[in-house]
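Structure first, commentary second.
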Amino acid sequence: MNDGLLSQEEIDALLNGGFTQKETISETDKDLLGEIGNISMGSASTALSTIINRMVNITTPRVSITSLRKMKKEFDVPIISVEVEYIEGLIGANLLLIKITDAIVIADLMMGGDGTRKADTLSEIEISAVSEAMNQMIGSSATSLSQMLNMPINISPPYASVWDEKNNKLSEKISEDDDIVKISFRLTIDALVDSEIMLLLPIQTAKMIINKLTGTEENKVEEQKQIFDNEANVENYFIDTNTNAQQVEYTPHEYNKPQYNVQKAEFAPLTPIATNEVKNIDLILDVPLEISVVLGRTKKTIKDILELSVGSLVELDKLTEEPVEILVNGKKVALGEVVVIDENFGVRITSIVSNAERVKSLQGK
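Numbered by full-length UniProt numbering, the letters in the sequence shown go through residues 1 to 365 in order.
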């Protein structure tokens, strides 16, 4: 400071709070993002495996910093991308990229093939099928991330597109020149695919995930508050020097701590409760329960079910003299025999299931 005036460097330092505004990712942050991506994409691989009924593994995350413009120079077009925007919990977008050769295998499996179809392009139906699979993957990934951060995370409806020209925009939400986090994974589908799948995040979104996971989000808020305080101090300085007014000193408010009357806690003696006290069973006596009677069971294949028609006979695995099962809310509580009461069917209870068998029924054994 010269002659009571701040230099431009000092003004900039005050406005920036001593910190640079550009977000950076350290090597520790990269390792953490790799672990987060490994877990969330593990859920995505499970979703894809369920859809195509094949073993899917998405492993070996590799984290790097790049930009969409740099990536476009390295891509072999075409590729399929699915983009979502975080609308709750996080701020920013998320982009999932998959090679067209891998998408052809996934589409063939989804359409009932064996994944060996040779092609260079996808039909509209196949593009829709692969897009839906990727939608399920990115939705499962967001759900897994929500569980990791222990907070609700909602995403916008996924937008799928085929990027077939390097002059086209790859994303509507992410600028091509902004720094982004690229997490590359190894994608394997049985012996059909051994390739790479990529997850892209704006660097601000990646930092937000790290801060929320490590609990440093509150510290960021305090830093931001300090920046605003510094801006206010600079503004007050210029007001004072330009008007030659009497300098106003800002001192922190002093808070008087209240005086508390602290006394030792005293508790009334515990009174034993009589063991024969009537329980409030009356409170649940009016709760309705569903009672059903099972005559028997059997198993059929899908083919057998489709061949059923009027007049078809279905044989049950129970003899005519065997007792039927009586279920309460789906749990077996008794056995009985079918009778006719006036014009309605009924059941006469012949035995009550023991407590041990009831417990086994509740445990699903």
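C-beta atoms are modelled at their ideal positions from N, C-alpha and C, and glycine is treated no differently.
Predicted, not measured: the structure shown is a model, and the values here were computed from it.
Residue i (DSSP reduced to helix, strand or coil)
i           : result
residue 65  : strand
residue 324 : strand
residue 298 : coil
residue 287 : coil
residue 38  : helix
residue 128 : helix
residue 314 : coil
residue 105 : helix
residue 139 : helix
residue 335 : strand
residue 45  : helix
residue 367 : Nothing can be reported for residue 367, as the shown portion of the chain is limited to 1 through 365.
residue 275 : With a pLDDT of 47 at residue 275, under the threshold of 50, the modelled position of this residue cannot be trusted; read the value that follows with caution. DSSP places residue 275 in coil when its eight states are reduced to three.
residue 191 : coil
residue 329 : coil
residue 345 : strand
residue 119 : coil
residue 59  : strand
residue 52  : helix
residue 309 : coil
residue 292 : strand
residue 27  : helix
residue 111 : coil
residue 74  : helix
residue 214 : helix
residue 33  : helix
residue 145 : helix
Per-residue burial, residue i [other beta carbons within 10 Å of its own, 16 or more giving buried]
i           : result
residue 181 : buried
residue 296 : exposed
residue 191 : exposed
residue 205 : buried
residue 47  : buried
residue 37  : buried
residue 255 : Only weak support is given to the placement of residue 255: the predicted model assigns it a pLDDT of 40, under 50, and the value that follows is read from those uncertain coordinates. Exposed is the call here.
residue 133 : buried
residue 69  : exposed
residue 448 : Any property of residue 448 remains undetermined from this structure, which presents the chain solely from 1 to 365.
residue 90  : buried
residue 108 : buried
residue 126 : buried
residue 114 : exposed
residue 308 : exposed
residue 342 : exposed
residue 302 : exposed
Neighbourhood of residue i by C-beta distance below 7 Å, restricted to the same chain and skipping five residues each side
i           : result
residue 88  : 152, 153 and 154
residue 78  : 100, 162, 163 and 164
residue 314 : 298
Residues that DSSP places opposite residue i in a beta bridge
i           : result
residue 198 : 97 and 184
residue 92  : 86
residue 171 : Residue 171 is not bridged to any residue.
residue 160 : 82
residue 155 : 86
residue 340 : 345
C-beta contact flag for residue i and residue j at 9 Å
i           : j           : result
residue 160 : residue 193 : no
residue 43  : residue 144 : yes
residue 290 : residue 344 : no
residue 325 : residue 335 : yes
residue 105 : residue 189 : yes
residue 32  : residue 201 : no
residue 352 : residue 333 : yes
residue 207 : residue 29  : yes
residue 316 : residue 293 : no
residue 199 : residue 41  : yes
residue 51  : residue 136 : yes
residue 172 : residue 67  : no
Residues of its chain near residue i, where Cβ-Cβ distance is below 6 Å and the 5 sequence neighbours each way are ignored
i           : result
residue 197 : 98, 185 and 187
residue 140 : 43, 44 and 47
residue 60  : 186
residue 55  : 190
residue 288 : none
residue 102 : 193 and 195
8 Å CB neighbourhood of residue i in its chain, flanking five on each side removed
i           : result
residue 138 : 44, 82, 84, 94, 96, 155 and 158
residue 65  : 25, 179, 180, 181, 182 and 203
residue 34  : 61, 62, 63 and 183
heavy atom of the ligand HEM below 8 Å from residue i C-beta
i          : result
residue 36 : Absence of the ligand HEM is noted for the structure shown, with no ligands found whatsoever.
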